[in-house]
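Engineer: The opening position of the sequence shown corresponds to residue 868 in our numbering, with each subsequent residue numbered one higher.
Beta carbons: idealized from backbone N, C-alpha and C, even for Gly.
My structure is below; once you've seen it, I'll send some questions.
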Amino acid sequence: SLAYAGAEALTLDNPSPYVFRTTYADGQAETVQGRYLAEKIGKRKAVVVVTDYVGGWGKGWAFRLGFEQGGGKVIQELFTPLGEMDFAAVINQISPEADVVWAFFPDEGDIRFPRQYGEMGMLKKAALSGYFSLVTDRDHLPVLKDNALGFISATWYNASCDTEENKLFQKIYQAKYGTPADIYEQPGWPGMAFIAAALKTVNGNIEDTDGFLKALSATKINGPCGPLSLDQNRNVIQDILVQRVEKVGDKYQNRVIDTVRQVRQPPAGTTINPNKK
């Protein structure tokens, strides 16, 4: 899987021996982010605002588990319909007791919500955090600007990673497309690196299916932002980067403020909201 297919069951519950996920599993970054906000940043009361569909339920629940493991408490869950264009009503429902709001939207809400949140003065009441997709450097920060300042997210790729692999990846990508690669382009690089390394192990004998699958399972590579390997269910083990939106000169960017090393896929049920089955 070189795409953003995060459903936990893909690599849990007797997974197919032909499925290898080198990107991420839902919950892998969200639980880390939840614990970090509670343990390291000192947030204690969170409100979760997500789109009312299975992806939103799962990501919000994984964040909740991590946040509460870190000593915080989620005091409210709010759900918005797919395609929502105006978030004023849901923002007005946010508990005044919250010191952080965690959000996720798979649609245009990922721009509209944080912009409205800032414009309504909410950043003075509770910090805004959420899934990395709300604050991508290339697509979101130039639009959100000050409305994104201080936004903390967790991810597995940041374009500033100072590794030889990332320098090469960015060099090749920019030469072809004329723009820096962002997190949505990154999965193809380590995915193909896994395949290339496994092919080398079997001397190019792709017809040896069992041998190739075994080699792929055992492959370890250096990815653009750290070492990558696969667990017993063939889901990636990787570093999770904690980043914060800052302004440097006239540019808004995600700066890595911490790294949680070699994070595995969390246990089954981490992304299953029991209130939304």
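In whole angstroms, what is the alpha-carbon distance linking K907 and A1065?
Structural biologist: The alpha-carbon atoms of K907 and A1065 are separated by roughly 39 Å.
Engineer: On the DSSP bridge assignment, give the partners of K1118 in chain order.
Structural biologist: V1115.
Engineer: Since D1077 contacts C1092 with CB under 8 Å, what's their CB separation in whole angstroms?
Structural biologist: Not confirmed; about 32 Å, so no contact.
Engineer: If you measure between the beta carbons of L904 and N1025, is that distance less than 9 Å?
Structural biologist: Result no, Cβ atoms of L904 and N1025 do not sit closer than 9 Å.
Engineer: Drop a sphere of 10 angstroms on the beta-carbon of P1057, count the other beta-carbons inside from all chains shown, and report buried for 16 or more, exposed for fewer.
Structural biologist: The residue in question, P1057, is buried, as its Cβ has 16 or more Cβ neighbours within 10 Å.
Engineer: Closest to P1009 by CA distance: which of E897, K1143 and K1118 is it?
Structural biologist: Of the candidates E897, K1143 and K1118, the one whose C-alpha sits nearest the C-alpha of P1009 is K1118.
Engineer: Which of the three DSSP states, helix, strand or coil, is assigned to A913?
Structural biologist: Reduced to three states, the DSSP call for A913 is strand.
Engineer: Tell me whether the beta-carbon of V914 lies closer than 9 Å to the beta-carbon of L945.
Structural biologist: Yes.
Engineer: Of all Cβ atoms in chain B, is any one closer than 9 Å to the Cβ of Y1024?
Structural biologist: Of the protein chains in the structure, only one exists, and it is not chain B.
Engineer: Using the Cβ count rule (16 or more neighbours within 10 Å means buried), how would you classify T1150?
Structural biologist: Nothing about residue 1150 can be reported from this structure: the residues present for the chain run from 868 to 1144 only.
Engineer: So K926 packs on E964, CB below 8 Å; how close in whole Å?
Structural biologist: With 8 Å as the limit, K926 and E964 do not qualify as a contact, their Cβ atoms being about 23 Å apart.
Engineer: Look at the alpha carbon of S962 and the alpha carbon of V1002, and state the distance between them as a whole number of angstroms.
Structural biologist: Cα to Cα, the separation comes out at about 23 Å.
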